[in-house]
Structures are given as C-alpha cells and as structure tokens.
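Following numbering that gives the first Met the number 0, the numbering of the sequence shown begins with 0 at its first residue and continues without gaps.
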Amino acid sequence: MTVKKRALIGLAALLATAAVQAEVKDGRSLNRYATSERSWGVNAYWMESEQGLVLIDSLLLVPDAENLAAVLKARNKPLLGVLLTHPHVDHFGGLSTIRKHFPEVPIYATAATTNNIRPVHERAYEQGWIQAFGADYDKNVVLPNKLVESGSTVILGDMHFQMTSFGAMESADNVLIYSPEFEVLFTGDAVMNGPIYYLGEGHSHGVMEGLERIAQAYPANQRAFPSHGDPGWLGPMVEHELAQVAFMREQMSKAIERPKALTEEGKLSDAARARLSGIFTEHFRHYLTFGLGSETLAWMNMSGLEPELLAERKAAAEKAAP
0 MTVKKRALIG
10 LAALLATAAV
20 QAEVKDGRSL
30 NRYATSERSW
40 GVNAYWMESE
50 QGLVLIDSLL
60 LVPDAENLAA
70 VLKARNKPLL
80 GVLLTHPHVD
90 HFGGLSTIRK
100 HFPEVPIYAT
110 AATTNNIRPV
120 HERAYEQGWI
130 QAFGADYDKN
140 VVLPNKLVES
150 GSTVILGDMH
160 FQMTSFGAME
170 SADNVLIYSP
180 EFEVLFTGDA
190 VMNGPIYYLG
200 EGHSHGVMEG
210 LERIAQAYPA
220 NQRAFPSHGD
230 PGWLGPMVEH
240 ELAQVAFMRE
250 QMSKAIERPK
260 ALTEEGKLSD
270 AARARLSGIF
280 TEHFRHYLTF
290 GLGSETLAWM
300 NMSGLEPELL
310 AERKAAAEKA
320 AP
C-alpha cells in the first residue's frame with residue numbers, strides 16, 4: 000500500500016468519526032468535529048458553501064487541530080474566517096495550528112474575548128496544569144485580528160453570523176453566534192448540553208442573569224449547538240443549566256451559613272469544604288465532566304463559588320446595617 004493511499008484511508012476514517020456532518024441546507028453543509036475526553040470533549044463547527052468554509056472555535060490540542068485542519072483542507076476551498084465563542088484554552092488552543100495551515104484566515108472575536116485570551120493562556124501555565132498535555136498544547140498564542148461589536152453580523156462569503164455577547168458567565172466573555180442560513184444558534188459554553196457547568200471563575204451570578212437574558216433573546220424551540228455535548232433545543236438546555244447553577248449556589252450558601260463553618264479568616268473550613276465537595280460529587284456523578292471527573296469539577300467550582308458568595312454575603316450585611 001502506498002503512502003498516499005494510506006493517507007487517504009486515514010483521512011476517510013477521520014471524516015467518518017471525528018467530523019460528523021450535521022445537516023445540508025440550500026447547498027450548504029454544517030459539520031461538527033467532536034474530540035475525545037482527553038481534550039475535554041469539545042466541539043468545533045464548520046460550515047461549507049460554494050464560496051468557502053467558516054470555522055467556529057479551534058479546539059484544545061494540536062493533534063485535534065491538525066486533524067481538523069486536514070478535514071478543512073480536503074475540501075479544497077478557502078477558509079473564510081474563524082469565529083470564537085469565548086476565551087478558554089479548549090476553544091482558542093488550536094488557533095496557531097489553524098493559522099499555520101491557513102495563514103491568511105481572519106479570526107473574529109469580541110474585544111472582551113480577545114483581551115482575555117493571553118491572560119487565560121498564561122494563567123494556565125502559572126497554575127501548572129496545562130503542562131500535563133506536554134507538546135500537545137501549543138505554547139504559541141494567536142490572537143484574533145478582527146474585532147466584532149456585540150450584536151453585529153459578520154458576513155463571510157454567502158453566510159451570515161450574528162455574534163452577541165452575554166458578558167461574564169462560564170468565562171470572562173461568552174458570545175452566542177446565530178446562523179440564519181441554518182437557523183441554528185452556536186452557544187459556546189454559555190449553554191451546554193450535559194456537562195457540569197464550570198463556575199471556577201466566580202461568575203455564577205452572571206451565569207444566572209446571562210441564562211435568563213438568553214432565554215428572553217431566543218425562542219425555546221431554537222436549535223442550539225453547544226461547545227460541549229450534543230445539539231438540542233435551547234429552552235430545555237437553558238432550564239437545565241439554570242437548575243444546576245442554582246443548586247450549586249444554594250448548597251454553597253448553606254455551607255457558609257452552617258454553624259462554625261467559617262474560619263477566623265472568614266473562609267470555609269477544610270471540613271466544610273470536604274462535606275460540600277461530597278454533595279457536589281454525588282449530585283453530578285452522572286453528568287458529563289470533560290474527562291475530569293465530578294469530584295475534580297466540584298473542587299474547581301467551589302474555588303469560584305466560595306469567594307463570590309462570601310462577597311455577596313458581606314455586601315448584603317453591609318447594606319442591611321443601620
């Protein structure tokens with residue numbers, strides 16, 4: 000078997016597994032690339048028309064981004080643009096690889112997303128956890144070169160993408176992208192389908208407000224394509240997210256108010272944290288966990304919830320004081 004034939008067979012297998020064509024409409028196709036849990040089970044979406052391709056998000060690890068680039072290059076059409084939903088490593092980590100294969104491709108994002116990419120990347124190295132991926136995570140940061148105002152529409156070829164920011168939610172900025180050609184809403188991590196909601200950045204109040212605003216901005220029967228989990232209907236997905244975030248906020252509030260739960264420094268005691276971790280771990284045991292496990296995500300979410308709700312408690316006490 001020749002090297003070329005082996006390569007073609009390998010590409011065909013890749014197309015049959017990772018890149019799943021979601022639908023075809025009016026001569027355009029909408030496709031999903033889903034990674035394994037090693038790279039957090041993240042989705043990237045790409046659309047194709049006669050005029051070219053458009054990519055939403057760029058995955059986490061180099062091997063996945065290389066595979067995605069191979070799929071795109073096999074279409075023999077220009078990559079008209081990359082759109083980013085938010086500044087987390089599993090969505091911008093593959094930009095350097097995509098740019099290597101498509102040097103001229105414009106990358107679109109809001110200013111808030113763009114301004115948070117480098118700090119998030121550097122913080123991952125400072126905290127030490129990103130090194131576990133070794134060379135599979137690209138240390139080179141590529142920033143968007145096309146800034147988008149929230150609510151504006153990006154036109155790429157014969158395809159339109161309305162990008163709307165809902166502010167700090169799961170990350171420092173969360174953008175939803177609506178495609179009128181496919182009548183679908185790409186929800187990023189603002190609204191997922193199945194995973195435990197990440198609250199480690201301390202925006203749980205913003206999540207609740209953002210989800211309510213999303214529910215008001217789009218119909219419940221809107222088809223939603225999340226960055227984690229399978230596509231679904233927006234209404235039930237939003238309700239599910241609201242319920243789980245409300246549960247985590249309620250349990251953290253109860254933990255804070257328990258007698259002797261706080262140390263002299265005004266933080267939760269180790270015993271209180273261990274108890275709450277057990278509650279979260281058991282409650283979310285059957286949720287998707289990005290390959291991290293429910294206990295790990297419990298501690299990650301507690302690290303954001305605790306200071307946020309302690310600050311809310313302090314502010315409420317000061318407001319109530321005579």
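A virtual CB, placed ideally from N, CA and C, is assigned to each residue, including glycine.
If you ignore the 5 residues before and after Ala260, its C-beta comes within less than 7 Å of the C-beta of Ala254, Leu267, Ser268, Ala271, all in its own chain and listed in chain order. Scanning the stretch 103-147 for uninterrupted beta strand (DSSP E) segments of 3 residues or longer gives 106-108, listed from N- to C-terminal end. In this structure, Asn115 and Leu198 do not form a Cβ contact; the two beta carbons are roughly 17 Å apart against a cut-off of 8 Å.
Taking one beta carbon from each stretch, the stretch 157-169 and the stretch 88-95 have fewer than 3 pairs nearer than 8 Å; the two do not touch. For Arg117 and Phe181, the gap between their C-alpha atoms comes out near 32 Å.
The alpha-carbon separation between Pro321 and Ala314 amounts to approximately 13 Å. One Cα belongs to Gly193, the other to Ala223, and the distance between them is close to 13 Å. In this structure, the straight-line span from the alpha carbon of Val53 to that of Val81 is close to 6 Å. Under DSSP, Thr186 takes part in no beta bridge, so it has no partner. Scanning the stretch 220-280 from its first residue to its last, the whole alpha helix (DSSP H) runs of 4-plus residues come out as 233-256. Between the alpha carbons of Gly205 and Tyr196 lies a gap of roughly 13 Å. Per DSSP, the beta bridge partners of His159 are Ile154. Beyond the five residues adjoining it in sequence on each side, Leu29 comes within less than 6 Å, by CB distance, of Ala21, Glu22, Met46, Phe181 in the same chain, given in chain order. Cα atoms of Val41 and Glu211: separation of roughly 24 Å, rounded to the nearest angstrom. Under the criterion of beta carbons closer than 8 Å, Leu94 and Ser57 qualify as touching, at roughly 5 Å. In this chain, Ile195 is not harboured by any beta strand (DSSP E), its DSSP state being neither H nor E.
Taking 8 Å as the cut-off, the Cβ atoms of Met158 and Ile176 do not count as close.
For Gly80, the beta-bridge partners assigned by DSSP are Val53. Following the DSSP letters along the chain, one finds Val206 inside the alpha helix (DSSP H) bounded by residues 203-216. Excluding the 5 residues flanking it on each side, Thr113 has same chain C-beta neighbours closer than 7 Å at Leu142, Pro143, Leu146, in chain order. Following the DSSP letters along the chain, one finds Glu47 inside the beta strand (DSSP E) bounded by residues 42-48. In the DSSP assignment, the residues bridged to Glu22 are Leu29. Remark: C-beta atoms of Thr96 and Val119 do not approach each other more closely than 8 Å. One thing to note: Val244 has its Cβ within 8 Å of the Cβ of Ser203. Around the beta carbon of Asn75, fewer than 16 other beta carbons lie within 10 angstroms, which makes this residue exposed. Rounded to whole angstroms, Asp63 and Arg98 show a C-alpha spacing of 14 Å. Sixteen is the threshold: when 16 or more other Cβ atoms of the shown chains lie within 10 Å of the Cβ of Thr34, as they do, the residue is buried.
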